[in-house]
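Structure record follows, encoded as structure tokens.
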Amino acid sequence: MHIKVGTRSSRLAIWQAAYIQTLLQKAGLTSELVLIETKGDLVLDRSLAKIGSKGVFTQELEDQLRDGTIDIAVHSAKDLPSSLPDDLDIIAFTERELANDVLVSRNKDVSLKGGQPFRIGTSSTRRVAMLKHYCPHLTAVDMRGNLQTRIRKLDEGQCDALLLAYAGVHRMEYDDLIVEHLPITEFTPAVGQGSVAIEVATSLDSEVAETLTRIINHEPTAACLRAERAFLARLEGGCSIPSFALAQWTNEQTISLTGGLVSLDGSQLLRETFTGTPQEAPQLGHSLAESILERGGDELLQQIRQQL
Numbered sequence: 038m039h040i041k042v043g044t045r046s047s048r049l050a051i052w053q054a055a056y057i058q059t060l061l062q063k064a065g066l067t068s069e070l071v072l073i074e075t076k077g078d079l080v081l082d083r084s085l086a087k088i089g090s091k092g093v094f095t096q097e098l099e100d101q102l103r104d105g106t107i108d109i110a111v112h113s114a115k116d117l118p119s120s121l122p123d124d125l126d127i128i129a130f131t132e133r134e135l136a137n138d139v140l141v142s143r144n145k146d147v148s149l150k151g152g153q154p155f156r157i158g159t160s161s162t163r164r165v166a167m168l169k170h171y172c173p174h175l176t177a178v179d180m181r182g183n184l185q186t187r188i189r190k191l192d193e194g195q196c197d198a199l200l201l202a203y204a205g206v207h208r209m210e211y212d213d214l215i216v217e218h219l220p221i222t223e224f225t226p227a228v229g230q231g232s233v234a235i236e237v238a239t240s241l242d243s244e245v246a247e248t249l250t251r252i253i254n255h256e257p258t259a260a261c262l263r264a265e266r267a268f269l270a271r272l273e274g275g276c277s278i279p280s281f282a283l284a285q286w287t288n289e290q291t292i293s294l295t296g297g298l299v300s301l302d303g304s305q306l307l308r309e310t311f312t313g314t315p316q317e318a319p320q321l322g323h324s325l326a327e328s329i330l331e332r333g334g335d336e337l338l339q340q341i342r343q344q345l
């Protein structure tokens, strides 16, 4: 069995795709990489919210799934829209890396806890809103581009630190630049952060799809992401909406899902935690979203969408 693996062309995306190739090789399958540029990679002079939140890093890969140019598309799970067209499906999630956000800088003295003002580079509306909520003395600087581009901008003095996902920093071996791990109790990550998702066209041979799922999917992670993605789908959120959710195993039978929403100016933050079995994961996410919406999240979402 030979698998054509579609991926974005950044170093991190290629690392993720190569990791999938390693799993395939261990199972006796051959594969090849197909590099694809997405709208999110090419349009760097506007924020993600301005160029559209749905499919900004996935659309071009999905087009090639449909025409058979590639068999699977490898995505950072946090980049996937909360709902997919009927002709596409997610068949696997890899085991999750640590989901925390981290502060990255050449200056080891910078800290969110220090009280001193400095500039933080990020392109995430969630991170900007949370910084305004927890650290209003800090200034967020819009920082688009891949990880290496952002670090170059940091070195050029465009900001004093970067706010990034630990998973990408660790996979690119920039751990020495991490000056602070942000607590997930406050800076709860984006849905799917830390995991790699495998997307296919539903027209893919069912035997091939089942084989790939068996090789790649990490079911404990997948159960958590089913809860998180159900939460995001009920909010009808994309990567431009400052929502957050993280599901974690509390024991072998129970998942705890914490999620919520924060206003763009950071003045309002809604967060709740629901617990259930892995079999209840989609309902868990839906119930949490309903609770957030009932507590004022519906009006907050309307305000956010009007402001973006």
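So for the sequence shown, my numbering puts the first residue at 38; every next one is plus one. Ideal Cβ positions, reconstructed from N, Cα and C, are used throughout, including at glycine.
Check your understanding: Under the three-state reduction of DSSP, which class applies to Leu262: helix, strand or coil?
Key -> Along the sequence shown, one-based indexing puts residue 262 at 225. Note: Leu262 maps to helix in three-state DSSP.
Exercise for review: Could you give the DSSP three-state label for Phe268: helix, strand or coil?
Suggested key: Here residue 268 is taken as the residue at index 231 of the sequence shown, counted from 1. DSSP places Phe268 in helix when its eight states are reduced to three.
Exercise for review: Note the first and the last residue of the continuous beta strand (DSSP E) segment covering Asp297.
Suggested key: Along the sequence shown, read from residue 1 onward, the residue named residue 297 stands at position 260. The identity of residue 297 in the sequence shown is Gly, whereas the question assumes Asp. Taken as a continuous stretch (DSSP letters only), the beta strand (DSSP E) holding Gly297 covers 292-299.
Exercise for review: Let me know the secondary structure DSSP gives Thr186 once reduced to three states.
Suggested key: By one-based count along the sequence shown, residue 186 stands at place 149. Helix.
**Study point:** Span separating the alpha-carbon of Arg308 from that of Ala260
**Key:** Walking along the sequence shown from the start, residue 308 turns up at place 271. Walking along the sequence shown from the start, residue 260 turns up at place 223. Cα to Cα, Arg308 sits roughly 21 Å from Ala260.
Point to revise | Contiguous beta strand (DSSP E) assignments of at least 3 residues, all confined to the region 217-262 | key: 233-238
Point to revise | Collapsed DSSP secondary structure at Thr176 in the structure displayed | key: By one-based count along the sequence shown, residue 176 stands at place 139. The answer is strand: DSSP assigns Thr176 an E or B state.
Check your understanding: Ile107 lies in the beta strand (DSSP E); which residues open and close that run?
Key -> Taking the first residue of the sequence shown as 1, we reach residue 107 at position 70. Ile107 -> no beta strand (DSSP E), and no H or E assigned at all.
**Study point:** Under the three-state DSSP convention, the category Gly89 falls into
**Key:** Translated into positions along the sequence shown, residue 89 becomes position 52. Because Gly89 sits at a pLDDT of 49, beneath the cut-off of 50, its placement in the model cannot be relied upon, and the point is left open.
Practice item. Would you kindly check if the distance between the Cβ of Thr225 and the Cβ of Thr270 is under 8 Å? Key: Walking along the sequence shown from the start, residue 270 turns up at place 233. Walking along the sequence shown from the start, residue 225 turns up at place 188. The question names Thr, but residue 270 in the sequence shown is Ala. Cβ distance not < 8 Å, so Ala270 and Thr225 don't count as in contact.
Check your understanding: DSSP on Arg133, reduced to helix/strand/coil?
Key -> Locating residue 133 in the sequence shown gives position 96, counting from the first residue. Coil.
**Study point:** Beta-bridge pairing of Trp286 - partner residues as DSSP gives them
**Key:** Stepping through the sequence shown from its first residue, residue 286 is reached at position 249. According to DSSP, Trp286 bridges with Ile292.
Point to revise | Other residues of its chain near Ala54: CB distance less than 6 Å, five sequence neighbours each side excluded | key: The count along the sequence shown starts at 1 and reaches residue 54 at position 17. Excluding sequence neighbours, Ala54 sits near Val42, Thr44, Leu70, Val111.
Exercise for review: Would you list the one or two residues that DSSP bridges to Leu72?
Suggested key: The count along the sequence shown starts at 1 and reaches residue 72 at position 35. Beta-bridge pairing links Leu72 to Thr44.
Check your understanding: Got a sec? Which residues, its chain only, sit under 8 Å from Leu175 by beta carbon, not counting five neighbours each side?
Key -> Translated into the one-based positions of the sequence shown, residue 175 becomes position 138. Closer than 8 Å at Cβ, skipping near neighbours: Leu149, Pro154, Phe155, Arg156, Ile157, Leu168.
Practice item. Please classify Ile329: is it buried, with 16 or more other beta-carbons within 10 angstroms of its beta-carbon, or exposed? Key: In the sequence shown, counting from the first residue as 1, residue 329 sits at position 292. So Ile329 counts as buried.
Check your understanding: Is the region 178-189 close to the region 223-237, with three or more CB pairs under 8 Å?
Key -> no
Review point. At a cut of 8 Å, does the region 204-220 reach the region 119-136 through at least three beta carbon pairs?
Key: yes
**Study point:** Minimum C-alpha distance to Ile188 - residue among Gly152, His218, Asn144
**Key:** As a working note, residue 188 is residue 151 in the sequence shown. Among Gly152, His218, Asn144, the Cα nearest to that of Ile188 belongs to Asn144.
Review point. Which residues share a DSSP beta bridge with Thr310?
Key: For the purposes of this step, residue 310 is taken as the residue at position 273 of the sequence shown. According to DSSP, which records beta bridges pairwise, Thr310 is partnered with Thr295.
Practice item. Would you check if the distance between the CB atom of Gly322 and the CB atom of Glu265 is smaller than 8 Å? Key: Here residue 322 refers to the residue found at position 285 of the sequence shown. Here residue 265 refers to the residue found at position 228 of the sequence shown. For Gly322 and Glu265, yes; Cβs fall inside 8 Å.
Check your understanding: Can you round the beta-carbon distance between Asp104 and Val237 to whole angstroms, since I take them to be within the 8 Å contact cut?
Key -> Mapped onto the sequence shown, residue 104 falls at position 67. Mapped onto the sequence shown, residue 237 falls at position 200. With a Cβ gap of about 13 Å, Asp104 and Val237 do not count as contacting.
Practice item. Answer with buried or exposed for Gln339, where buried requires no fewer than 16 other C-beta atoms within 10 angstroms of its C-beta. Key: Numbered from its first residue, the sequence shown carries residue 339 at position 302. It is exposed - the Cβ of Gln339 has fewer than 16 other Cβ atoms within 10 Å.
Review point. When DSSP labels each residue in this structure, what does Gly205 get in the three-state scheme?
Key: Stepping through the sequence shown from its first residue, residue 205 is reached at position 168. The answer is helix: DSSP assigns Gly205 an H, G or I state.
Check your understanding: Quick one, are the C-beta atoms of Ser293 and Gln285 less than 8 Å apart?
Key -> Position 256 of the sequence shown, counting from 1, holds the residue named residue 293. Position 248 of the sequence shown, counting from 1, holds the residue named residue 285. Yes, the Cβ-Cβ distance between Ser293 and Gln285 is below 8 Å.
Exercise for review: Using 10 angstroms around the beta-carbon of Asp82, count the other beta-carbons present and answer buried if the total reaches 16, otherwise exposed.
Suggested key: Translated into the one-based positions of the sequence shown, residue 82 becomes position 45. Legend: pLDDT at Asp82 = 47, less than 50; position of this residue unreliable, no value from coordinates given.
Review point. Taking the alpha-carbon positions, what's the Ser84 to Gln343 distance?
Key: On the sequence shown, position 47 is the one that residue 84 refers to. On the sequence shown, position 306 is the one that residue 343 refers to. For Ser84, the predicted structure reports a pLDDT of 49, less than 50, and the residue's modelled location is therefore unreliable. A value from the coordinates is still provided. Looking at the two C-alpha atoms, the distance is approximately 16 Å.
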